[in-house]
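Asker: Count along the sequence shown starting at 1, add 22, and that's the number in the working numbering. In this text, a Cβ means the ideal position worked out from N, Cα and C, and glycines have one as well. Since the structure is predicted, the reported quantities are computational estimates derived from the model, not experimental observations. Just passing along the structure, written as structure tokens.
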Amino acid sequence: PYVDFNVPKYETMIGAINRTPDLAWVVHVGDLKGGGQSCADDELAYRFKLNSLIQLPFILTPGDNDWFDCSRKTAGGFDAMERLTALRRMFFPVAGKTGGVHPFAVTSQAGAFGYPDFVENVYWIRNDVMFATVHIIGVSPGEAGAELHEQVLNAGLAWLDTVFAAAVAMDVKGLFIATQADPYLFSGLRPLIRAACPLCPWVRPGYGKLDEALRLQSKRFARPILFAVGDTHVFRVDKPLYDGDDLVLNFTRVEVFGHPNVHWVRIVVDPASPEVFAIHQELVPENFGVGWQTE
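Following this line, the structure appears as structure tokens:
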């Protein structure tokens, strides 16, 4: 919730999640708070407490609002890297384990040479399907901290290489990847997009390397991939990845709900089915309508 009046809606959504049978875990794709909201320790602790209401294992892949934007004056003018360290200490206290209720073991990039701090990049396998988080944040061109953003992006790309290599080696049936950043702002039939917006980029500026990695690795893996993002807040399920003029058919994006809409997305995983992943929007009736004050 980016604003205080949506906190009750967020709690209502968590209640709906907790009452849903047969859920295995919850993945949060970043932005625990608004980018202009305080990044002080007490605010981060409040966000941790709020998400601790979820009665399941909890896996977070951080968003820019959670640390990168903390250098903004409205957020407190913090050092972004120091805030990332604080976030890691709170949400990832034990490398190689999830957070939340009934945590389980995961493989963490923190165990890889050269990336001891990246406890948030993890993967795990359940029923011949691999699940992974990759810390890549959504950042617009011109934002401060481009060098730091590139550092995190490069670590994420190295982790993607590890994840895909493990998925191939273990012969998994499908791969779920969660990250915050959405590299594909414009999706649809390309001639129509080009006719409507001649200068619209196929790939968001600054994310060319991510697009290339996803394209090459998806072609090599050649099994269903579900790419979950949350950066631009619009629920959608589509196929935005192209190899030249050819659609990469085994790659599907799901973008979750985000501010000001407070709902969630449920993924059903069946390794015996051709598509492996089935996507369900879970609308919370009590949260319909945005409103600008608590009723």
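Going by Cα to Cα distance, which pick from Y145, A67, G99, N73 is closest to A108?
Answerer: Per the Cα distances, A67.
Asker: If we require 3 or more residues per run, which beta strand (DSSP E) segments fall completely within the region 75 to 130?
Answerer: Here the runs fully enclosed are 79 to 82.
Asker: When the Cα atoms are used, what is the spatial distance from A177 to A38?
Answerer: Their Cα atoms are separated by approximately 35 Å.
Asker: Is it buried or exposed, P227, if we count other Cβ atoms within 10 angstroms and call 16 or more buried?
Answerer: Exposed is the call here.
Asker: Please look up how many angstroms separate the CB atoms of N272 and P246, rounded, as I've assumed it's under 8 Å.
Answerer: Right, the Cβ-Cβ distance comes to about 6 Å (below 8 Å), so this counts as a contact.
Asker: Where do the N-terminal and C-terminal ends of the beta strand (DSSP E) with L197 fall, by residue?
Answerer: From DSSP, the beta strand (DSSP E) with L197 extends over 196 to 200.
Asker: Please name the residue, chosen from S93, L72, H50, that lies closest to T83 on a Cα-to-Cα basis.
Answerer: Checked all of S93, L72, H50; the closest Cα to T83 is H50.
Asker: Could you tell me the distance, in whole angstroms, from the CA atom of A191 to the CA atom of G136?
Answerer: Those two C-alpha atoms are separated by around 22 Å.
Asker: If you pair each beta-carbon of the region 207 to 226 with each one of the region 171 to 189, do three or more pairs fall below 8 Å?
Answerer: The region 207 to 226 is not in contact with the region 171 to 189.
Asker: Going by DSSP, what residues sit across from L269 in a beta bridge?
Answerer: Looking at the DSSP assignment, L269 forms a beta bridge with Y264.
Asker: Note the first and the last residue of the continuous beta strand (DSSP E) segment covering T34.
Answerer: Element bounds for T34: not the beta strand (DSSP E) but the alpha helix (DSSP H), 29 to 41.
Asker: My assumption, with CB atoms under 8 Å, is that T319 sits in contact with A200. Please give the rounded CB distance.
Answerer: Because the chain here runs from 23 to 317, residue 319 falls outside it and cannot be looked at.
Asker: For the alpha helix (DSSP H) containing V174, name the first residue and the last one.
Answerer: 168 to 191 is the extent of the alpha helix (DSSP H) around V174.
Asker: Under 8 Å Cβ to Cβ from W286, same chain only, skipping five residues before and after it: list those, please.
Answerer: These residues qualify, in order along the chain: M35, A38, I39, V278, F279, E304, V306.
Asker: What span of residues does the alpha helix (DSSP H) with R212 cover, start to end?
Answerer: Unbroken alpha helix (DSSP H) run through R212: 212 to 218.
Asker: Just the C-alpha distance for E308 and K55, rounded to the nearest angstrom, thanks.
Answerer: Computed Cα separation, rounded: 21 Å.
Asker: I'd like the list of long-range same chain contacts for F198, defined as Cβ closer than 6 Å, with 5 residues on each side in sequence excluded.
Answerer: Cβ within range, chain order: F153, L248.
Asker: Relative to the C-alpha of K195, which candidate in F186, I158, H124 has its C-alpha closest?
Answerer: Comparing Cα-Cα distances from K195 to each of F186, I158, H124, the minimum goes to F186.
Asker: Leaving out the 5 sequence neighbours to the left and right, which residues in its chain are closer than 6 Å to V29 when beta-carbon positions are compared?
Answerer: P23.
Asker: Starting from A154, trace the beta strand (DSSP E) both ways and give me its first and last residue.
Answerer: Note, A154: beta strand (DSSP E), 151 to 155.
Asker: Checking 7 Å against the spacing of the C-beta atoms, do V389 and D86 come in under that value?
Answerer: What the structure shows of the chain is the stretch from 23 to 317, and residue 389 is not part of that stretch, so it cannot be assessed.
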